[in-house]
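Numbering (my numbering), first residue to last: -3 to 337.
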Amino acid sequence: MIATGAVAALALAACGGGGTDAEHTGRPVVGLITKTDTNPFFVTLKEGAQQAAARSGVALQTFAGRSDGDNESQVQAIENLISAGAAGFMITPNDSRAIVPELDRARQAGLVVVALDTPTEPADVVDTTFATDNVRAGELVGRWARMRLGAGAATARIAMLDLSPNKVSVDVQRDQGFLQGFGIPVGDPGVIGDESDPRIVGHEVTDGAEEGGRTAMENLLQKDPSISVVYAINEPAAAGAYEAIRAADKERSIVIVSVDGSCAGVRAVQEGRLGATAQQYPLRMAQDGISAIAQYAANGIRPTPADGRPFTDTGTTLVTDASVPGVDSEDTGFGAAHCWG
């Protein structure tokens, strides 16, 4: 256990920007802790934070979990930032519940804590959250898929490719939003997989990665080769699902929808590998997070959520080249102009 902890500390030190710059120049230290450093969404989030930090005159330290679901590395990153005397940090929680005690500790130590992309549970354990309305993102792709299938929606066979066994807030919200948009009654809106609609073939976790999406899709196709609709938590998982579908020679009979809006995802829509995606805007999330912490460092005023909501919505747009009645969308020209990654 001691050896493992030492390795973790070294890995985090390698990812972080270090405290020396802030010590020498007096610039406030601001942290960014992402789920991983490989997913294009989090790579873009980091790039946006670096740009905003340079403009705001703060010293950015960055950290990432080893994989989606790695809570322990995020705990270690927070401890590092507390020790560094940081003004605050932004975090995309790998486990929106397990991380709560460490977030409490950071705020008690005087740091501002901002959640990005994935709300914590409860939401008020952080000062504020900048995120996509993930329920709406799921609803948009669910409604589009239902209208795209038309009469075939009544007999659809649906594969649900979720994120991780942790069932973090972003995972639950997109999953449940998709079902609601497709017209499927959900049980407890805070629980994945308790619906009773016979159209659901099953739920598989993907870790939000291409390999995970491929394996999950292979498993569900073995369970039911007649799948006609795939919901994927994000575009890497959707890309893996498509590879499994193509290997099974079923790409012409299955519609895939997802959430992200990366440049690769928009190209997948253009080329017909993805039917529609709900585009989100990580650069805005990062910029808003840096601004909130920089202002706190300057004037001591903690940020709060806007408009009385538990989070500030950074926007989402349905991107597809096959618009359907009753569902607002933009084409891939718009998507390409606003994509990231």
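Beta carbons are placed, not taken as given, at the ideal position from N, Cα and C, and that holds for glycine.
Under 6 Å Cβ to Cβ from residue i, same chain only, skipping five residues before and after it: list those, please.
i, result
"Arg195", "Ala152, Ile154"
"Ile289", "Val26, Ala83, Gly84, Val108"
"Cys259", "Cys335, Gly337"
"Gly134", "Arg170, Gly173, Phe174"
"Ala105", "Ile78"
"Ala149", "Arg142"
"Arg280", "Thr310"
"His20", "Reliability of the predicted coordinates at His20 is poor, the pLDDT of 42 falling under 50, and no value is obtained from them."
"Arg103", "Val109"
"Gln276", "Thr128, Gly257, Thr312"
"Gly285", "Met86, Val110, Leu112, Phe126"
"Asp193", "Ile180"
For residue i, which three-state DSSP category applies?
i, result
"Ser345", "In the structure displayed, the chain extends from -3 to 337; residue 345 sits before or after that span and is not available."
"Ala127", "strand"
"Asp171", "helix"
"Gly198", "strand"
"Thr116", "coil"
"Gln275", "strand"
"Ala147", "helix"
"Asp193", "coil"
"Asp158", "strand"
"Gly261", "helix"
"Gly138", "helix"
"Gly204", "coil"
"Val182", "coil"
"Val122", "coil"
"Val187", "coil"
"Gly22", "coil"
"Gly268", "coil"
Let me check understanding here. Comparing Cα to Cα, which of the options lies closest to residue i?
i, options, result
"Ala264", "Lys246, Cys335, Asp220, Asp284", "Cys335"
"Glu68", "Ile95, Val26, Met143, Ala83", "Ile95"
"Phe330", "Thr313, Asn90, Phe174", "Thr313"
"Thr382", "Val187, Phe307, Ser224, Asp327", "Here the chain has residues from -3 to 337 only, and residue 382 is not among them."
"Gly177", "Lys246, Val122, Val137", "Val137"
"Ala48", "Pro97, Pro299, Gln283", "Gln283"
"Arg62", "Val182, Ala45, Asn90, Ile229", "Asn90"
"Thr34", "Ala50, Asp64, Asn130", "Asp64"
"Asp158", "Ala228, Asp193, Gln104", "Ala228"
"Asn130", "Gln104, Val320, Thr273, Glu247", "Thr273"
"Pro161", "Tyr292, Val253, Asp66", "Asp66"
"Ser165", "Met143, Val253, Thr128", "Thr128"
"Pro221", "Asp190, Gly208, Ala243, Val201", "Ala243"
"Gly304", "Leu216, Asp123, Gly257, Ile87", "Asp123"
"Glu206", "Thr88, Gly261, Lys219", "Gly261"
"Lys163", "His199, Arg280, Pro181", "His199"
"Thr339", "Asp190, Gln57, Gly208, Thr32", "No answer is possible for residue 339: it lies beyond the span of the chain, which begins at -3 and ends at 337."
"Ser325", "Arg132, Val182, Arg269", "Arg132"
"Pro278", "Ala73, Val255, Gly296", "Val255"
"Val197", "Tyr238, Ala80, Lys219", "Lys219"
"Pro321", "Gly208, Gly146, Glu43, Met156", "Gly146"
Return the chain-ordered list of same chain residues with a C-beta closer than 8 Å to the C-beta of residue i, the five sequence neighbours on each side being excluded.
i, result
"Arg23", "Asp17, Gly53, Val54, Ala55"
"Ile250", "Ile223, Ser224, Val225, Val226, Ile241"
"Thr125", "Val110, Ala111, Leu112, Pro115, Thr116, Ala119, Pro301, Pro306, Phe307, Thr308"
"Ala10", "Because Ala10 sits at a pLDDT of 34, beneath the cut-off of 50, its placement in the model cannot be relied upon, and the following sentence gives the value as read from the coordinates. Excluding residues within five positions, none has a Cβ falling inside 8 Å."
"Gly271", "Trp140, Ala141, Arg144, Val251, Ile252, Val253, Val265, Thr316, Ala318"
"Asp167", "Asp158, Leu159, Ser160, Ile188, Ile229"
"Val71", "Ile95, Glu98"
"Val39", "Asp33, Gly337"
"Ser287", "Ala48, Ser52"
In chain order, what residues of the same chain have a beta carbon less than 7 Å from the beta carbon of residue i, not counting five sequence neighbours either side?
i, result
"Val121", "Val96, Leu99, Asp100"
"Arg93", "Glu117"
"Tyr292", "Ala83, Gly84, Val108, Arg298, Pro299"
"Gln46", "Leu56"
"Leu217", "Ile223, Ala240, Ala244"
"Ala333", "none"
"Val182", "Gln172, Leu175, Gln176, Glu191"
"Thr328", "Val262, Val265, Gln266, Val315, Asp317"
Is residue i close to chain C? Criterion is C-beta to C-beta, closer than 7 Å.
i, result
"Gly81", "The structure shown contains no chain C; it holds only a single protein chain."
At least 3 beta-carbon pairs within less than 8 Å: the segment 195 to 212 vs the segment 231 to 249: yes
Stretch-stretch touch, CB-based, cutoff 8 Å, three pairs: the segment 259 to 277 with the segment 180 to 192: no
Length at least 3, wholly inside the segment 32 to 79: the beta strand (DSSP E) runs in chain order: 55 to 60
Every unbroken beta strand (DSSP E) inside the segment 76 to 111 [3 residues or more]: 84 to 87
Ordered list of beta strand (DSSP E) runs contained in the segment 286 to 337, each at least 3 residues: 313 to 315
4 or more residues per run - each alpha helix (DSSP H) lying fully within the segment 209 to 252: 231 to 243
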